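Let me begin by presenting the structure, written as structure tokens, before commenting on it.
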Amino acid sequence: MSQVKSKFKWHYLGLAAILLLSIILNFYKLGQEGYGNTYYSAAVKSMLDNWHNFFFNSFDPKGFITIDKPPVGFWFQTLSAYIFGFKGWSLFLPQALAGVLAVALLYHLVGRVFGRGAGLIAALFLALTPIVVAADRTNEVDSMLMFVTLIATWAISKAVEQSHIKWLVLAFFLVGVGFNIKMMEAFLVLPAFYLFYFISPKLTWTKKLVHLLVATIVLAVVSLSWSVIVDSIPSDQRPYVGSTQDNSMVTLAIGYNGINRLVGQQRGQQGNFHMGSQQGQQTNGLNDTSRARRNAGFNGQLSIGQHMTIRNAKFIRDMSRNAGNHFSGYGQSGNTGLLRLFTTPELDGQLSWLLPGVFISIVALLWGMRFRVPLDRKHQTAILWTVWVLTMFIFFSIAKRFSSYYMVMLAPGIAALAGAGFKQMWNQWRAKEKKETWFLPFALVCTVIFEISIVWKYPTLRAPLSIAIGVLALLALICLLFVQKLNAPGKKGISIIAIMAGVLALVVAPTAWAITPIEYGGSVTKPFAGPELKTQHGRDGMMASNPKLENFLKSNYREGSYLVATLNATTAAPIILDTGLPVMALGGFMGNDPALTVEKLQKLVNDGQIHYFLLQERAFGNQQSAVINWIKTNCLVVPADKWQDSQSKSSQDPSLMGFRNSSMMLYEYVKK
Numbered sequence: 013m014s015q016v017k018s019k020f021k022w023h024y025l026g027l028a029a030i031l032l033l034s035i036i037l038n039f040y041k042l043g044q045e046g047y048g049n050t051y052y053s054a055a056v057k058s059m060l061d062n063w064h065n066f067f068f069n070s071f072d073p074k075g076f077i078t079i080d081k082p083p084v085g086f087w088f089q090t091l092s093a094y095i096f097g098f099k100g101w102s103l104f105l106p107q108a109l110a111g112v113l114a115v116a117l118l119y120h121l122v123g124r125v126f127g128r129g130a131g132l133i134a135a136l137f138l139a140l141t142p143i144v145v146a147a148d149r150t151n152e153v154d155s156m157l158m159f160v161t162l163i164a165t166w167a168i169s170k171a172v173e174q175s176h177i178k179w180l181v182l183a184f185f186l187v188g189v190g191f192n193i194k195m196m197e198a199f200l201v202l203p204a205f206y207l208f209y210f211i212s213p214k215l216t217w218t219k220k221l222v223h224l225l226v227a228t229i230v231l232a233v234v235s236l237s238w239s240v241i242v243d244s245i246p247s248d249q250r251p252y253v254g255s256t257q258d259n260s261m262v263t264l265a266i267g268y269n270g271i272n273r274l275v276g277q278q279r280g281q282q283g284n285f286h287m288g289s290q291q292g293q294q295t296n297g298l299n300d301t302s303r304a305r306r307n308a309g310f311n312g313q314l315s316i317g318q319h320m321t322i323r324n325a326k327f328i329r330d331m332s333r334n335a336g337n338h339f340s341g342y343g344q345s346g347n348t349g350l351l352r353l354f355t356t357p358e359l360d361g362q363l364s365w366l367l368p369g370v371f372i373s374i375v376a377l378l379w380g381m382r383f384r385v386p387l388d389r390k391h392q393t394a395i396l397w398t399v400w401v402l403t404m405f406i407f408f409s410i411a412k413r414f415s416s417y418y419m420v421m422l423a424p425g426i427a428a429l430a431g432a433g434f435k436q437m438w439n440q441w442r443a444k445e446k447k448e449t450w451f452l453p454f455a456l457v458c459t460v461i462f463e464i465s466i467v468w469k470y471p472t473l474r475a476p477l478s479i480a481i482g483v484l485a486l487l488a489l490i491c492l493l494f495v496q497k498l499n500a501p502g503k504k505g506i507s508i509i510a511i512m513a514g515v516l517a518l519v520v521a522p523t524a525w526a527i528t529p530i531e532y533g534g535s536v537t538k539p540f541a542g543p544e545l546k547t548q549h550g551r552d553g554m555m556a557s558n559p560k561l562e563n564f565l566k567s568n569y570r571e572g573s574y575l576v577a578t579l580n581a582t583t584a585a586p587i588i589l590d591t592g593l594p595v596m597a598l599g600g601f602m603g604n605d606p607a608l609t610v611e612k613l614q615k616l617v618n619d620g621q622i623h624y625f626l627l628q629e630r631a632f633g634n635q636q637s638a639v640i641n642w643i644k645t646n647c648l649v650v651p652a653d654k655w656q657d658s659q660s661k662s663s664q665d666p667s668l669m670g671f672r673n674s675s676m677m678l679y680e681y682v683k684k
């Protein structure tokens with residue numbers, strides 16, 4: 013009895029250590045990146061103003077246009093900002109907390125089926141996944157989505173164990189909540205959920221189908237509830253739906269944040285800086301340069317944040333030839349194909365470290381399974397995590413528009429299968445006489461070789477990390493051989509050394525990547541981890557603040573009107589953050605949304621709602637050509653010395669060449 017209690021305490025001590033590690037990685041220097049992605053932080057500031065902005069997820073304080081995501085994740089950020097004050101760290105707090113809780117929950121999900129040891133390994137792997145740490149420390153909502161889907165996984169596990177529809181409905185309800193965090197990305201878990209419930213041996217096929225039908229109806233209602241409510245409200249009584257061409261939240265969910273992620277198309281828009289500006293065919297044209305980007309970035313070339321400021325693929329190629337820099341497609345995704353997550357520099361070091369071992373783990377976990385007999389609990393759960401990983405692995409292998417931090421959703425599945433799989437392979441190794449004995453050393457060797465291949469791309473890290481990985485792996489393999497040779501009295505100590513050396517060999521490189529957002533600072537608009545952050549942190553291409561401009565506008569501001577109108581939200585966001593006053597983003601995030609017609613603009617101007625317009629000197633036309641032409645024709649240029657100081661001029665980044673921080677023009681409307 014005392015031995016059982018001792019073992020119990022040691023496992024929880026291990027969990028406490030892993031959670032402490034996760035807390036340090038997620039919370040230490042949490043506020044060092046300012047307000048993070050200013051597009052979203054400006055929206056949270058606007059949502060704090062009133063319930064109308066809060067409900068509709070409005071970008072600006074006056075409720076002109078929404079941001080390009082649903083509201084639930086930002087509701088948590090708004091609540092945090094309301095409680096702790098509007099600060100950068102208070103916006104990041106919900107995601108950082110969700111990341112730590114996800115680690116604890118994954119320990120529970122894996123440990124309750126495969127044993128506490130497997131749960132500890134899975135929790136450690138998730139806590140040290142570089143892209144998870146990077147996303148946890150930002151105001152992007154992917155970490156919150158990951159946590160909600162893990163709660164849904166717990167609920168559907170209860171549904172299978174107890175054969176009760178209430179848990180199934182809860183699971184699908186939570187996926188619907190996830191849909192209202194990041195729309196159709198939440199649905200990536202559904203194939204695993206449906207199959208997991210179908211293979212439950214405790215219910216008849218009829219009951220399974222009825223239960224799943226009811227749960228699916230709940231899923232549809234919860235998922236579309238907010239979008240349908242928004243669309244049902246007259247357009248003149250709510251904000252325009254940003255990043256759409258038809259002012260429909262359902263279109264945003266199914267199109268822009270759904271199917272278009274897979275096919276790489278965006279109707280009515282040539283691109284979007286925030287989510288992947290290049291069309292799929294344009295991105296493919298850049299892949300030859302993206303292969304070299306990882307090393308180039310580490311040696312001081314342009315950052316991922318700067319890459320997204322480029323208009324199209326042709327311009328990127330031209331700049332690359334002229335400046336000698338290497339560019340990757342905005343989506344950080346490389347070539348499509350089943351090897352994408354293994355060979356793309358922007359992806360492999362973010363998440364893929366354990367993938368060779370994970371695929372071998374799947375074989376080990378399902379070894380000897382017979383579908384003709386009822387599956388036991390371990391096989392059912394192994395199938396759940398296998399389908400989770402395979403579904404997302406295939407999606408991220410073929411999707412044409414995504415950023416690396418979207419893969420946070422794949423991380424729990426990888427960690428769960430690695431934890432459960434290596435525990436299973438350890439048991440098989442100790443069983444000596446079985447054919448599957450050699451799964452463990454094979455998985456360890458394959459994973460270690462792949463990890464060294466990632467590290468090898470970085471000359472300054474190549475030697476120390478490769479040597480550390482190799483020495484630890486060799487120690488683990490030697491100890492594994494002794495485990496089989498020694499009798500019981502001498503086996504325990506060697507076993508502990510083998511486990512510790514093997515785990516350390518697998519996590520030493522991901523750990524080096526995971527600490528980079530703390531060491532160097534993170535990328536605020538496109539979270540990623542890795543040595544590149546040493547030269548690329550915080551450089552996101554966003555407009556810098558201009559105090560002289562803001563003071564000029566405030567001195568001429570009329571209460572109840574717009575402080576100024578800009579073409580896009582990128583220009584508007586820092587002004588909103590600095591002043592807290594209404595700023596109109598005429599064309600939404602990118603400036604492509606037809607949110608305002610010339611007739612509506614004329615009415616707003618005549619009513620005194622808008623007096624100043626801040627536009628790039630070479631403003632893009634696209635959907636806003638008529639509006640831009642009207643402004644330039646009917647407004648006067650405000651002399652630069654009235655609103656532009658020398659500091660703002662010198663801070664403009666010449667590498668952007670006419671984009672975001674390019675020469676700005678301030679126009680004033682004067683009634684004739």
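The numbers in this note's numbering rise by one with no breaks, and the one at position 211 of the sequence shown is 223.
All C-beta atoms, glycine included, are put in the ideal place defined by N, C-alpha and C.
Bear in mind the structure is a predicted one, so any value in this text is a computation, not a measurement.
Note to self: List, from N- to C-terminal side, the alpha helix (DSSP H) runs of 4 residues or more that fit wholly inside the stretch 401 to 469.
What the structure shows: At a cut-off of 4 residues, the continuous stretches assigned as alpha helix (DSSP H) that sit fully inside the stretch 401 to 469 are 423 to 442, 451 to 467.
Next item on the list: May I ask you to verify whether the stretch 37 to 56 touches the stretch 573 to 580, counting CB pairs closer than 8 Å and requiring at least 3?
Entry: Result no; under three Cβ-Cβ pairs closer than 8 Å.
Notebook entry, point to check: Just curious, the alpha helix (DSSP H) that threonine 547 is in, first and last residue?
Noted result: Counting along the chain, the unbroken alpha helix (DSSP H) around threonine 547 starts and ends at 545 to 548.
Check: Do methionine 156 and proline 82 have their CB atoms nearer than 8 Å?
Finding: Not closer than 8 Å, so no.
Next item on the list: Out of Ser175, Met158, Gln174, state which residue places its alpha-carbon closest to the alpha-carbon of glycine 188.
Entry: Comparing Cα positions, the closest option is Met158.
Margin query: Could you pull the DSSP bridge partners for isoleucine 77 from this structure?
Written below: In DSSP, isoleucine 77 forms a bridge with Tyr252.
Check: What are the uninterrupted segments assigned as alpha helix (DSSP H) that are 4 or more residues long and contained completely in the stretch 625 to 654, given in chain order?
Finding: Taking only runs of at least 4 residues, the alpha helix (DSSP H) segments lying wholly in the stretch 625 to 654 are 637 to 646.
Checklist line | Coarse secondary structure for valine 115, derived from DSSP in three states | finding: Secondary structure of valine 115 (DSSP, three-state): helix.
Notebook entry, point to check: Taking just the CA atoms, how far does glycine 346 sit from glycine 131?
Noted result: Between glycine 131 and glycine 346, the alpha-carbon positions lie close to 33 Å from each other.
Notebook entry, point to check: Going by the CB atoms, is the gap between isoleucine 143 and alanine 541 shorter than 8 Å?
Noted result: Yes, these two residues count as a Cβ contact at 8 Å.
Next item on the list: Count the other CB atoms, across all protein chains shown, that sit within 10 Å of the CB of threonine 609; report buried if there are 16 or more and exposed otherwise.
Entry: Classification for threonine 609: exposed.
Notebook entry, point to check: Looking at the structure shown, is tyrosine 702 part of a helix, part of a strand, or coil, going by DSSP?
Noted result: Here the chain comprises residues numbered 13 to 684, so residue 702 is not present and cannot be evaluated.
Check: Rounded to a whole number of angstroms, what is the C-alpha to C-alpha distance between glycine 127 and alanine 430?
Finding: If you draw a straight line from the Cα of glycine 127 to the Cα of alanine 430, it is about 13 Å long.
Item checked: Per-residue burial, methionine 419 [other beta carbons within 10 Å of its own, 16 or more giving buried] -> Buried is the call here.
Checklist line | From Ser567, Ala108, Ala432, Asp590, residue whose alpha carbon lies closest to that of threonine 50 | finding: Put simply, of Ser567, Ala108, Ala432, Asp590 the residue whose alpha carbon is nearest the alpha carbon of threonine 50 is Asp590.
Checklist line | Continuous beta strand (DSSP E) stretch holding tyrosine 679: start and end | finding: Annotation: the continuous beta strand (DSSP E) that includes tyrosine 679 extends over 676 to 680.
Check: Would you report the Cα separation of asparagine 324 and valine 515, rounded to the nearest angstrom?
Finding: Reliability fails at asparagine 324, whose pLDDT of 35 lies under 50, so the model's placement of it is uncertain and no value is given.
Margin query: Quick check on the burial criterion: 16 or more other C-beta atoms within 10 angstroms. Buried or exposed for serine 92?
Written below: Around the beta carbon of serine 92, a 10 Å sphere encloses 16 or more other beta carbons of the protein chains shown; the residue is thus reported as buried.
Check: Is any beta-carbon of chain D found at less than 8 Å from that of threonine 398?
Finding: Protein chain content of the structure displayed is limited to a single chain, and chain D is not contained in it.
Margin query: Based on DSSP bridge pairs, tell me the residues matched to methionine 596.
Written below: Answer is Ala577, bridged to methionine 596.
Next item on the list: Provide the residue(s) that pair with serine 70 in DSSP beta bridges, ordered along the chain.
Entry: In the DSSP output, where bridge partners are listed per residue, serine 70 has Thr78.
Notebook entry, point to check: Touching or not, the stretch 185 to 200 and the stretch 159 to 167, by the rule of three or more beta carbon pairs under 8 Å?
Noted result: Of all C-beta pairs linking the stretch 185 to 200 to the stretch 159 to 167, three or more are shorter than 8 Å, placing the two stretches in contact.
Margin query: Within a Cβ cutoff of 8 Å, which residues of the same chain sit near valine 519, ignoring the five residues on either side of it in sequence?
Written below: For valine 519, where only same-chain residues beyond five positions count, the Cβ hits under 8 Å are Leu136, Phe137, Leu140.
Margin query: So, at 6 Å on beta carbons, what are the nonlocal neighbours of leucine 486 in its own chain, with the 5 sequence-adjacent residues on each side left out?
Written below: Closer than 6 Å at the Cβ level, and outside the excluded window around leucine 486, lies no residue.
Check: According to the neighbour-count rule (16 or more other Cβ atoms, all chains shown, within 10 Å of its Cβ), is threonine 472 buried or exposed?
Finding: With fewer than 16 other CB atoms across the displayed protein chains lying within 10 angstroms of its CB, threonine 472 is exposed.
Check: So, using beta-carbon positions, are alanine 11 and alanine 585 closer together than 8 Å?
Finding: With the chain represented from 13 up to 684, any question about residue 11 goes unanswered, as that position is not in the structure.
Notebook entry, point to check: Starting from valine 187 and walking both ways along the alpha helix (DSSP H), at which residues does that stretch end?
Noted result: Element bounds for valine 187: 177 to 194.
Item checked: Beta-carbon proximity check, serine 175 vs leucine 215, cutoff 8 Å -> Less than 8 Å separates the beta-carbon of serine 175 from that of leucine 215.
Check: Under the three-state reduction of DSSP, which class applies to phenylalanine 540: helix, strand or coil?
Finding: Here phenylalanine 540 sits in coil by DSSP.
Next item on the list: Taking only the alpha-carbon atoms, compute the straight-line gap between glycine 620 and glutamate 571 and give it to the nearest angstrom.
Entry: In a straight line, the C-alpha of glycine 620 is about 10 Å away from that of glutamate 571.
Checklist line | Among Leu231, Leu225, Phe205, the one whose alpha carbon lies nearest that of proline 400 | finding: Sequence inspection shows tryptophan at residue 400; the proline mentioned does not correspond to that position. For tryptophan 400, the nearest C-alpha among the options comes from Phe205.
Next item on the list: Inspect the beta-carbon positions of phenylalanine 208 and serine 235 and report whether they are closer than 8 Å.
Entry: Their beta carbons are not under 8 Å apart, which means phenylalanine 208 does not touch serine 235 by this criterion.
Next item on the list: Can you tell me the Cβ-Cβ gap for isoleucine 79 and asparagine 69, rounded? I've got them flagged as a contact below 8 Å.
Entry: Distance from isoleucine 79 to asparagine 69 at the Cβ level is roughly 6 Å; contact confirmed, criterion being Cβ atoms closer than 8 Å.
Item checked: DSSP three-state assignment for glutamate 686, whether helix, strand or coil -> Limits of the chain in this structure are 13 at one end and 684 at the other, which puts residue 686 out of reach.
Item checked: Same chain, Cβ closer than 7 Å to glycine 349, neighbours up to 5 away in sequence not counted -> Excluding its 5 nearest sequence neighbours in each direction, glycine 349 has C-beta neighbours in its own chain below 7 Å: Ser409, listed in chain order.
Item checked: Three-state class that DSSP yields for threonine 150 in the structure shown -> Threonine 150 carries a coil assignment under DSSP once its states are collapsed to helix, strand and coil.
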